[in-house]
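> My questions will all concern the structure given below.
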């Protein structure tokens, strides 16, 4: 594994992942470059999956897909005013995530493998879904870094009882959420900062201890993915009258939906945390306050 | 009230509503013309409302809004390839729904009034939201007419415990759903028929008696809006082992969200069932199987 500091752009990370020089989580790599969740499906499920994303844009924000069925090196973009070439040039979807998971007949068949070149067929379609790593940079810049990043841990993720709007074969699934603790008095600021990140889950979908029960989360100390949340002193994260859990839609949702749909054949995804990093930047997709002001003043951004 | 049969187009219905010649429900009027739910908000809430619709497109499918703040006679369209002028020419949002409701400080202040000309200000923004009347025609044409239309009743609508994704001031709200009974054996066909109506709620979000409990609906015989569902023999609609309740996202959802948000000032909406009928047709928005085949063959549709 190379030193992360040398991976400054999306292209850097993709190339390092492709050559198996970077094999771990992409959290914090290539700041400001958009990172993406990956789902690869047999083509007969593609139309229903697009509909699932259209109907559930908060947990399943669709950024791009294979330019044509079977294409692993060219993208069709769903980001307004951004071409597929601009989303990620010279991409190889079979190699450019640091690690992948493989599902056969809707069961996990291989875990954190380095590539999917042997499994990819000319009947597969890849989908890239927005990732909340994007807004974590903005939170940190505003002096509100997510606790898991401060403590060098993975974000906790939970199954909920909140139903997804079904679409074709994708029925019976629910939201997966990520959780970051914040002071109750900071929640409105956190909501405002993350609101503009519309294609990477946007503002939180719930906050407060009462949301844990309402979302059917059995135990906040036992996330289904990622790592257990901690108090700042390293103890358990419990109600101290100050910090509350804040929940966002999570890009693991589409992998859950795929698992629950009983799909036939070979389905692939990135290993959670091991994203495909793109060429397009957060500022290009979401704009910035500075960019907006400059545009208003007629200045070159 | 004029005879419905003479109201063949969206423009016919709008003109009749404007002149108070049609003052009742628009169900079944001007078949194939898109009908729309209406919400009118003070401009300071407009950005948050747009985000609410973007995040919850199934219950809140945004079709169009005022071309500019204060505009009641020109629209900006959100329907791909359809201009605001094509959505509805010569519209007057203050008069063109048969009946309106008016809210002051988030409380219902006037019910089923004929127009909102006196309340409209140059700070108001109108939003048009898709309506499930659109797919009811398609269901009827397929030999699966919704029971409430067959029995000449209003569709039952329910509050649920399914949370909306919050957006800015719009927090704490839940899905409102409409319900149509179908044979369990017909549910997959009903799903397929309604799937393409993406901007008018699309396919159902749940079906089956177990969904009643899961959605937190206390009593299927006591809808919050519309009329109580009945069995085909006029008795109560209960589990007979054959028919099940089928639930769709409902355009009353945004009115609920507005009520729960504690908005200040004057908010207006159509009276439920009393829609604004548009110039654009279902075929123009959703295409048809026939149109698709003709396009494939290079024929003029």
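Residue numbers (the UniProt record's numbering), protein chains in the order written: chain A, 1 to 301; chain B, 1 to 301.
All residues carry an ideal CB built from backbone N, CA and C; glycine is no exception.
1. Thinking C-beta only, is residue 96 of chain B closer than 8 Å to residue 17 of chain B?
2. Between the beta-carbon of residue 93 of chain B and the beta-carbon of residue 72 of chain B, is there less than 8 Å?
3. Among B/182, B/188, B/173, B/159, which has the Cα closest to the Cα of residue 171 of chain A?
4. Tell me which residues share the same chain as residue 239 of chain A and place their Cβ nearer than 8 Å to its Cβ, disregarding the 5 neighbours each side in the sequence.
5. How many angstroms separate the CA atom of residue 10 of chain B from the CA atom of residue 216 of chain A?
6. Sort out for me which residues DSSP pairs residue 102 of chain B with in a bridge.
7. Hey, which unbroken runs of the alpha helix (DSSP H) at 4 residues or more fall wholly within the segment 185-270 of chain B?
8. Measuring alpha carbon to alpha carbon, tell me which residue in A/158, A/76, A/28, A/35 is nearest residue 50 of chain A.
9. Span of the alpha helix (DSSP H) holding residue 10 of chain A?
10. Given that a residue counts as buried once 16 or more other Cβ atoms are within 10 Å of its Cβ, and exposed if not, what is residue 111 of chain B?
11. Can you have a look at residue 88 of chain B and say buried or exposed, based on whether 16 or more other CB atoms are within 10 angstroms of its CB?
12. Closer than 8 Å is the cut-off here; do at least three beta carbon pairs connect the segment 126-138 of chain B with the segment 168-186 of chain A?
13. Going by C-alpha distance, which of B/227, B/199, B/278 is nearest residue 272 of chain B?
14. How should residue 159 of chain A be labelled, buried or exposed, when 16 other C-beta atoms within 10 angstroms of its C-beta is the threshold for buried?
15. Just the chain B side, please: which residues come within less than 7 Å of residue 50 of chain A by C-beta, in chain order?
16. For the segment 181-203 of chain B, which residues have a CB atom closer than 9 Å to at least one CB atom of chain A, in sequence order?
17. Assign residue 135 of chain B to one of three DSSP states: helix, strand, or coil.
18. Do the segment 187-207 of chain B and the segment 238-253 of chain B touch if we need at least three Cβ pairs shorter than 8 Å?
19. Kindly list, in the order they appear in chain B, the residues whose Cβ is closer than 9 Å to that of residue 168 of chain A.
20. Under the rule that 16 or more other beta-carbon atoms within 10 Å means buried, what is residue 6 of chain B, buried or exposed?
21. DSSP on residue 177 of chain A, reduced to helix/strand/coil?
22. Measure the alpha-carbon distance for residue 282 of chain A versus residue 32 of chain A and round it to whole angstroms.
23. Excluding the five sequence neighbours on either side, which residues of its own chain have a C-beta within less than 7 Å of the C-beta of residue 108 of chain B, listed in chain order?
24. If I'm right that residue 79 of chain A touches residue 280 of chain A with Cβ under 8 Å, what's the distance once you round it to whole angstroms?
25. Taking beta-carbon pairs under 8 Å, can you tell me which members of the segment 148-164 of chain B lie near chain A?
26. In its own chain, which residues sit with a C-beta less than 8 Å from the C-beta of residue 186 of chain A, not counting the 5 before and 5 after it?
27. Is the beta carbon of residue 157 of chain A closer than 8 Å to that of residue 303 of chain A?
28. Nearest to residue 116 of chain B by CA position, among B/34, B/263, B/267, is which residue?
29. Give the secondary structure of residue 293 of chain A by DSSP, where H, G and I count as helix, E and B as strand, and everything else as coil.
30. If residue 129 of chain B sits next to residue 234 of chain B, beta carbons under 8 Å apart, how far is it from one beta carbon to the other, in whole angstroms?
31. In three-state terms, what does DSSP make of residue 21 of chain A?
32. Note the first and the last residue of the continuous alpha helix (DSSP H) segment covering residue 283 of chain B.
33. So, does the CB of residue 57 of chain B fall closer than 8 Å to a CB anywhere in chain A?
34. Give the straight-line distance between the Cα atoms of residue 153 of chain A and residue 67 of chain B, rounded to the nearest whole angstrom.
35. Leaving out the 5 sequence neighbours to the left and right, which residues in its chain are closer than 6 Å to residue 53 of chain A when beta-carbon positions are compared?
36. On the DSSP bridge assignment, give the partners of residue 183 of chain B in chain order.
Taking the coordinates as given:
1. Contact flag set, yes.
2. Yes, these two residues count as a Cβ contact at 8 Å.
3. Answer by Cα proximity: B/188.
4. Cβ within range, chain order: 209.
5. Straight-line Cα distance between these residues: approximately 45 Å.
6. The partner list for residue 102 of chain B (beta bridge, DSSP) reads B/110, B/268.
7. Here the runs fully enclosed are 187-195, 210-214, 253-260.
8. Taking only the C-alpha atoms, the option nearest residue 50 of chain A is A/76.
9. Annotation for residue 10 of chain A: the continuous alpha helix (DSSP H) segment containing it runs 10-18.
10. Around the beta-carbon of residue 111 of chain B, fewer than 16 other beta-carbon atoms lie within 10 Å, marking it exposed.
11. Within 10 angstroms of the beta-carbon of residue 88 of chain B lie 16 or more other beta-carbons, which makes it buried.
12. Contact fails: fewer than three Cβ-Cβ distances are below 8 Å.
13. For residue 272 of chain B, the nearest C-alpha among the options comes from B/227.
14. Classified as buried, residue 159 of chain A has 16 or more neighbouring CB atoms from the shown chains inside 10 Å of its CB.
15. Within chain B, no residue comes near residue 50 of chain A; the closest Cβ sits about 10 Å away, beyond 7 Å.
16. Residues passing the 9 Å Cβ filter: 191, 192, 195, 198, 202, 203.
17. Residue state for residue 135 of chain B is assigned as helix, using DSSP reduced to three classes.
18. Counting Cβ pairs under 8 Å, three or more are found: they touch.
19. For residue 168 of chain A, the neighbours in chain B by C-beta distance under 9 Å run, in chain order, 191, 192, 195, 203.
20. Burial check for residue 6 of chain B: the Cβ neighbour count within 10 Å stays below 16, so the residue is exposed.
21. Here residue 177 of chain A sits in strand by DSSP.
22. Our two residues, residue 282 of chain A and residue 32 of chain A, have alpha carbons roughly 5 Å apart in a direct line.
23. Within the same chain, Cβ atoms closer than 7 Å to the Cβ of residue 108 of chain B are found at 101, the five residues on either side in sequence being excluded.
24. With a Cβ gap of about 7 Å, residue 79 of chain A and residue 280 of chain A count as contacting.
25. Only those residues of the segment 148-164 of chain B whose C-beta falls short of 8 Å from the nearest C-beta of chain A are listed: 162, 163.
26. Result list for residue 186 of chain A: 144, in chain order.
27. For chain A, the structure presents residues 1 to 301; residue 303 of chain A sits outside this window and is missing.
28. Of the candidates B/34, B/263, B/267, the one whose C-alpha sits nearest the C-alpha of residue 116 of chain B is B/267.
29. Low confidence applies here, because residue 293 of chain A scores a pLDDT of 43, under 50, leaving its location unreliable; read the following figure in that light. Residue 293 of chain A carries a helical assignment under DSSP once its states are collapsed to helix, strand and coil.
30. A Cβ-Cβ separation of about 33 Å leaves residue 129 of chain B out of contact with residue 234 of chain B under the 8 Å criterion.
31. Annotated three-state conformation of residue 21 of chain A is coil, per DSSP.
32. Going by DSSP, residue 283 of chain B is part of the alpha helix (DSSP H) stretching over 282-286.
33. Yes, contact with chain A.
34. Approximately 48 Å, taken between the alpha carbons.
35. Excluding positions up to five away in sequence, the list reads 60, 62.
36. Answer by DSSP bridge pairing, in chain order: B/243.
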